[in-house]
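Quick notes on the structure that follows.
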Amino acid sequence: MVTQREIPDWDPSSPAPGGLEFVRQFANTLDCYRYRDDLADIGHADARMRRIDPDAYDLFLPPRPHPMQLDDLIKLRSARAALRATLGCMTRWTLPATSSYSSKTLPPPELSETEPPEFSSPCSLELSDNGVQFVPDGGWANALTSWLSLELLVGTRTGEVARLKVCANPECQWVFWDASRPGTGRWCSMRLCGGQAKARRYREKRGDSTHG
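The sequence shown lines up with residues 1 to 212 when you count with the UniProt record's numbering.
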């Protein structure tokens, strides 16, 4: 039987509005549930960034270099760590060396997961008769990460970022858009992480009553 864990692009979340969907997808390039880091190296990062198409969000970034440069990859990883920390993810830099789903050993993170990552990406906004224009300071990676920061800032001001949630399952931490009316969602999917947590609580409750 094929499970969701084996489907490469399976996503339980509803899309976030506008550019926040780009933010959400970028945060999820570190996938704890499927034990996958799409920014682990240049090859994986190139493939993943082709699937996250910035042009679909009218970002109008400078051309992406082919292949991606190492400095670009480092900037993307730093931006992702800072973004995941901002959203409330416990795992920010890289996957743990051991997991209940894999025995694969991965390189140590750039910083401790408990150390707050710092990241900056300068840009300018030009006002003219044509409106406001986003002007990044630097190449493709800087433009992309600057735009991520702007989307996060705008979403914070509008309050929409509050609906970008991190799944409460510590082995998942998928960033999802909480489309529930009260905005109280805790799980990326009630059928998966939410259902598993409910079943676990039920088993624990039965165990307590049996030994009580």
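All C-beta atoms, glycine included, are put in the ideal place defined by N, C-alpha and C.
Quick caveat, the model's predicted, so the values are computed rather than measured.
Using the C-alpha atoms, what's the distance from residue j back to residue i?
| i | j | result |
| --- | --- | --- |
| Ala141 | Arg48 | 14 Å |
| Cys32 | Phe176 | 13 Å |
| Glu118 | Ala82 | 6 Å |
| Ser128 | Val135 | 13 Å |
| Ala179 | Arg186 | 11 Å |
| Pro15 | Ser146 | 21 Å |
| Gly43 | Cys193 | 30 Å |
| Trp10 | Ala40 | 19 Å |
| Pro107 | Ser189 | Unreliable positioning characterises Pro107 in this predicted model, as indicated by a pLDDT of 43, which lies under 50. A coordinate reading is not provided. |
| Lys104 | Cys123 | Note on Lys104: pLDDT 40, under 50, position unreliable in the model; no value is reported. |
| Glu126 | Asn169 | 42 Å |
| Gly138 | Arg191 | 43 Å |
| Asp46 | Arg181 | 37 Å |
| residue 251 | Gly183 | No information on residue 251 is available, as it lies outside the stretch 1 to 212 that the chain covers here. |
| Glu171 | Ala27 | 15 Å |
| Asn130 | Leu61 | 18 Å |
| Thr158 | Gly88 | 19 Å |
| Pro63 | Arg51 | 15 Å |
On the DSSP bridge assignment, give the partners of residue i in chain order.
| i | result |
| --- | --- |
| Lys31 | Residue identity differs from the one stated: residue 31 is Asp in this sequence, not Lys. According to DSSP, Asp31 bridges with Arg36. |
| Gly131 | Ser128 |
| Pro136 | Cys123 |
| Pro78 | Residue identity differs from the one stated: residue 78 is Ser in this sequence, not Pro. DSSP lists no partner for Ser78. |
| Leu148 | Note: Leu148 sits in no beta bridge, so no partner. |
Which word fits residue i, buried or exposed, when buried means at least 16 other C-beta atoms lie within 10 angstroms of its C-beta?
| i | result |
| --- | --- |
| Leu164 | buried |
| Tyr101 | Model confidence at Tyr101 stands at a pLDDT of 34, short of 50, so the residue's coordinates are unreliable and nothing is read from them. |
| Asp72 | buried |
| Met90 | exposed |
| Trp93 | buried |
| Gly155 | buried |
| Lys149 | According to the sequence displayed, residue 149 carries Ser and not Lys. Burial call: buried. |
| Ser13 | buried |
| Gly19 | buried |
| Arg80 | buried |
| Leu70 | exposed |
| Gln133 | exposed |
| Thr86 | buried |
Quick one: is residue i near chain B, going by C-beta distance under 7 Å?
| i | result |
| --- | --- |
| Trp93 | The chain labelled as chain B is not found in the depicted structure, where only one protein chain is given. |
task: May I ask you to verify whether the segment 64-77 touches the segment 149-162, counting CB pairs closer than 8 Å and requiring at least 3?
output: Flag = no, the segment 64-77 and the segment 149-162 do not touch.
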